[in-house]
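Chemist: I have a structure here, written as structure tokens, and I will follow up with some questions on it.
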Amino acid sequence: MSLDNIPDELLPLIAQYLEPDELYSWTLTARRFYVVLIAELYSIAVSRDEEELGWSVSLILAAASNQNSAFKALLKRTKQINGANINVDLLPGDHDWLALKRKIIWATVHTSLLHVVCHLGNDDMIRLVMAHGADSSVCDSSGWTPLHLAAMWDNATATRSLIASGADVNIATRGGGEYHELPSRALHHAIMARHPRIWKLLLEAGADPSAEYDESEDSLCLAAQYGDVALVRHLLAGYDFAHQSVTNALSYAARNDDPLVGNALLNAGAAVSDVALFQAARSDNIPMIKLLIDAGTDVTVLDSMGYNVLYNVQSAAAAQLVLNEAPGLATSSILHSYTLLDRLYRDDNLVHRARDCKTVPLALLLIQKGSRVSVSDSYPHRNAFHAAAQVGHITVVNAILERQGSVVTSRDSDGSTALHQAAIPSSAGKLSCVKALVEFGSDVHALTDERRSALHHAYGKPQWGMDVPDSEIEAVTKYLIEAGVDTSIQSLDGNTALHEALTHDQPTSALILLDAGVNISAVNRFGETALHLAAEKGYVEVFKRLIKKDGSISARTAKGDTVLHLAAREGARRHNSIEGYVKMVACILLGHDNISVQAVGGQVGLEPLSKTGHMEIIRLFCNEAGQDVLLQNNKGFTAWDIVKQRAQEVAWSSLEPTLGSTRPLDAEIDETAGLDGLGDLFGA
1 MSLDNIPDEL
11 LPLIAQYLEP
21 DELYSWTLTA
31 RRFYVVLIAE
41 LYSIAVSRDE
51 EELGWSVSLI
61 LAAASNQNSA
71 FKALLKRTKQ
81 INGANINVDL
91 LPGDHDWLAL
101 KRKIIWATVH
111 TSLLHVVCHL
121 GNDDMIRLVM
131 AHGADSSVCD
141 SSGWTPLHLA
151 AMWDNATATR
161 SLIASGADVN
171 IATRGGGEYH
181 ELPSRALHHA
191 IMARHPRIWK
201 LLLEAGADPS
211 AEYDESEDSL
221 CLAAQYGDVA
231 LVRHLLAGYD
241 FAHQSVTNAL
251 SYAARNDDPL
261 VGNALLNAGA
271 AVSDVALFQA
281 ARSDNIPMIK
291 LLIDAGTDVT
301 VLDSMGYNVL
311 YNVQSAAAAQ
321 LVLNEAPGLA
331 TSSILHSYTL
341 LDRLYRDDNL
351 VHRARDCKTV
361 PLALLLIQKG
371 SRVSVSDSYP
381 HRNAFHAAAQ
391 VGHITVVNAI
401 LERQGSVVTS
411 RDSDGSTALH
421 QAAIPSSAGK
431 LSCVKALVEF
441 GSDVHALTDE
451 RRSALHHAYG
461 KPQWGMDVPD
471 SEIEAVTKYL
481 IEAGVDTSIQ
491 SLDGNTALHE
501 ALTHDQPTSA
511 LILLDAGVNI
521 SAVNRFGETA
531 LHLAAEKGYV
541 EVFKRLIKKD
551 GSISARTAKG
561 DTVLHLAARE
571 GARRHNSIEG
581 YVKMVACILL
591 GHDNISVQAV
601 GGQVGLEPLS
611 KTGHMEIIRL
621 FCNEAGQDVL
631 LQNNKGFTAW
641 DIVKQRAQEV
651 AWSSLEPTLG
661 STRPLDAEID
671 ETAGLDGLGD
681 LFGA
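Written as structure tokens, this is what we have:
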């Protein structure tokens, strides 16, 4: 029977057995089918969507594609439109829905139909949804209404439609919960996002500018904080704010560098206060500092911690403005004689100070005006002198020494002197600071509470991501040795400077120390000698020099590891990805001592092996007369066991009988054929 002959009344019954996309295709085949079945299509689509997802994806598709008639028909059949039941992550189509999540992209946000159509900015659809009974106060799962989102994203169409439909312009977000947000109004978000057309619409609709966003922070404060002079003037002209509110706004204005905002507030009667001045100083807001001083702010006032405004300035320009009014402030100090310089170089701010180009000029100005470094025998602490030496501020170090030379002997809480700090690889140009201190009389023999010398401090990972070239560290090493530092001092953990240099990947410095006669037999708390560390790091030249200087190649660590264990373990860990490395090491352990990078150098794939010193160290050990490659550590592992763990695919059991024999495994090895020449040995 042809579909054309089916009575109209039977078509909806057939439609019930079709999927929505099949039914849609059917409606496109003839106008008669479209007229009879389109309503059924809408009903089935909404019903299936709500059954599967709990919300109508078809309705959202119609909205996103601006199909107003389809949207209207689908909306009529949608039961739930007020709940936050739409998962933003599941919204369909190519449209960018991230705005519905604001900045909470890591979280799952559920939203409502009204939020969606407001985001799309379709005025007709917004009115349809509102007329269908949508609640403009509905919140998404993060506590925001559609009006809040419209204000944040500068969506004027949605803002107008929501206002026209009776949305409460003063409704607050539901803060707290999972997102830990403060309750806020749409007006607040329009101000913070700098959307003037939105705040104008909201104010015209009756938004309350006195509603607080945070404690004591109303819309006037927000406008001042974000530097919106037009809004500040608009609010001051059209609304009555309490005197305290205007004064509070002045301190918020100190965060931006537009003096017009501050002027407007001062003209409106804002009282000058140290709060605004301190905020301007912390923000390095030079125009605002000048404006507040000119308005009569007392620069000598102290905050609740006992600090004056100079403790908050960020630049020499700001400090000079304050010192012009009160020169004596430069010599002020607080608890334990903690001075302006100490505050400038405090530990929690040192990373910033190391990189900020404003720090040195500010420090030099304070020193010039009489600021000193705090020193206390009864309360040893890290002061500005130590910190300036650590970050390599040589001009500041010299300026302090010129005016307060006795500080050169001061120590911090762990017994470090400025020389210890200067040696730390935390900035380029360390040598100049080290030289300046030594030449001034800093004791190169001074030890910290952990018995560490300045030479111990010279090695380590560069701090704060600073680029400290190895050549700088090597130059510091040479200079301290020439200055007479004792290279063989062991710290409380047993490390000599040589241990430290090897641990922190400074092999050239290690060679310099060897030339200086460092004690190579010293053992640290892990039972490690310098030879163990050289083997573990793969530093062949250092290893050879240590052996030549009578380093004991058979010495064991506290864990029972020999240099062979250490070289095999660390070499396999670092170079396992290089094809052939483990096999070549196995060859050496099996007695084929002549297998080398040079012998198979014709194979391009082995080129990276030329940088693996561990293999050469293993060969040196195996070539040493009387050395047993089957020595076990405290866990019973041999170097062979360690190598086996790194290449499970090799048939090791067939090779093991020859381990430790006087002659190598009887296998033909063609060294000129690269790895292929090892095939007979490994059964390939």
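The sequence shown: position 622 = 622 (full-length UniProt numbering), numbered continuously.
Note that CB positions come from ideal geometry on N, CA and C, so glycine has one too.
Bear in mind that the values here come from a model prediction, so they are computed numbers and not experimental data.
#1: Short of 8 Å in beta carbon distance, which residues of its chain neighbour Q645, apart from the five on each side in sequence? Order them along the chain.
#2: Can you list, in chain order, the residues of its chain with a C-beta nearer than 7 Å to that of G601? Leave out the 5 residues immediately preceding and following it.
#3: Would you mind reading off the limits of the alpha helix (DSSP H) that contains G494?
#4: Span of the alpha helix (DSSP H) holding H115?
#5: Measure the beta-carbon distance from residue 713 to V434 and round it to whole angstroms, keeping in mind my assumption that it falls under 8 Å.
#6: Taking the straight line between their C-alpha atoms, what separation do you get for Y345 and S488?
#7: On the DSSP bridge list, what partners appear for residue 740?
#8: Do T562 and L631 have their CB atoms nearer than 8 Å?
#9: How about I553 and E624: are their beta carbons less than 8 Å apart?
#10: Using the three-state DSSP reduction, which class does N87 fall into: helix, strand or coil?
#11: Taking DSSP's pairing of strands, which residues face D214 in a bridge?
#12: Would you mind giving the Cβ-Cβ distance between residue 685 and A384, rounded to the nearest angstrom? I have them listed as a contact below 8 Å.
#13: Would you call the CB atoms of D258 and V229 closer than 8 Å?
#14: Check whether the stretch 185 to 196 touches the stretch 210 to 228, taking contact to mean three or more Cβ pairs, one atom from each stretch, closer than 8 Å.
#15: Tell me, to the nearest whole angstrom, how far the beta carbon of A172 is from that of P183; I am working on the premise that it is less than 8 Å.
#16: Does M152 pass the burial test, meaning 16 or more other C-beta atoms within 10 Å, or should it be called exposed?
#17: Quick check: P425 and V485, are their CB atoms within less than 8 Å of each other?
#18: Check H110 in the structure and name its three-state DSSP category.
#19: Under the assumption that I235 contacts P196 (Cβ atoms under 8 Å), give the Cβ distance between them as a whole number of angstroms.
#20: Within the 8 Å Cβ cut-off, does L340 reach chain C?
#21: Which of helix, strand or coil does DSSP assign to E204?
#22: For P507 and A276, I'd like the C-alpha separation in whole angstroms.
#23: What does the Cβ neighbour count give for L90, buried or exposed, with the cut at 16 atoms within 10 Å?
#24: So, with DSSP's three-state summary, where would you put L514?
#25: For a quick check, are the C-beta atoms of V476 and K430 less than 8 Å apart?
#26: Ignore the nearest five residues each way along the sequence and tell me which others in I394's own chain have a CB closer than 8 Å to its CB.
#27: Using a Cβ-Cβ cut-off of 7 Å (strictly less than) and excluding sequence neighbours within five positions of F526, which residues of its own chain qualify?
#28: What are the start and end residues of the alpha helix (DSSP H) that includes D641?
#29: Quick check: the Cα distance between I334 and R343, rounded to an integer number of angstroms?
#30: Roughly how many angstroms separate the alpha carbons of S523 and T529, rounded to a whole number?
#31: Look at A483 and V518 and say whether their C-beta atoms are less than 8 Å apart.
#32: Hey, is the stretch 135 to 147 in contact with the stretch 105 to 115, meaning 3+ C-beta pairs nearer than 8 Å?
#33: To the nearest angstrom, how far is the alpha carbon of S661 from that of L589?
#34: So, at 7 Å on beta carbons, what are the nonlocal neighbours of N85 in its own chain, with the 5 sequence-adjacent residues on each side left out?
#35: Excluding sequence positions up to five away, which residues of its chain have a Cβ less than 6 Å from the Cβ of T672?
#36: Assuming H565 and N633 make a contact with CB atoms under 8 Å, what is their CB distance in whole Å?
Modeler: By the coordinates alone:
#1: A572
#2: Its pLDDT being 42, under 50, G601 is placed unreliably in this model, and the coordinates cannot settle the point.
#3: G494 -> no alpha helix (DSSP H), and no H or E assigned at all.
#4: L113 to L120
#5: No answer is possible for residue 713: it lies beyond the span of the chain, which begins at 1 and ends at 684.
#6: 33 Å
#7: This structure cannot settle anything about residue 740, because the visible part of the chain is limited to 1 through 684.
#8: yes
#9: yes
#10: strand
#11: E217
#12: With the chain represented from 1 up to 684, any question about residue 685 goes unanswered, as that position is not in the structure.
#13: yes
#14: yes
#15: 4 Å
#16: buried
#17: no
#18: strand
#19: The question names Ile, but residue 235 in the sequence shown is Leu. Not really, about 12 Å apart at Cβ, beyond 8 Å.
#20: The question asks about chain C, but that chain is absent: this structure has only one protein chain.
#21: helix
#22: 54 Å
#23: exposed
#24: helix
#25: yes
#26: G429, S432, C433 and A436
#27: T557 and A558
#28: A639 to K644
#29: 10 Å
#30: This sequence places Val at residue 523; Ser is not what is there. Between V523 and T529, the C-alpha separation is close to 5 Å.
#31: no
#32: yes
#33: Because the pLDDT of S661 is 43, which lies under 50, any placement of that residue in the model is unreliable, and the question is left without a value.
#34: G54, W55 and H110
#35: Caution is warranted here: a pLDDT of 43 is assigned to T672, below 50, making its placement in the model unreliable, and the coordinate value is therefore given only provisionally. Cβ neighbours of T672 beyond the five flanking positions: none.
#36: 5 Å
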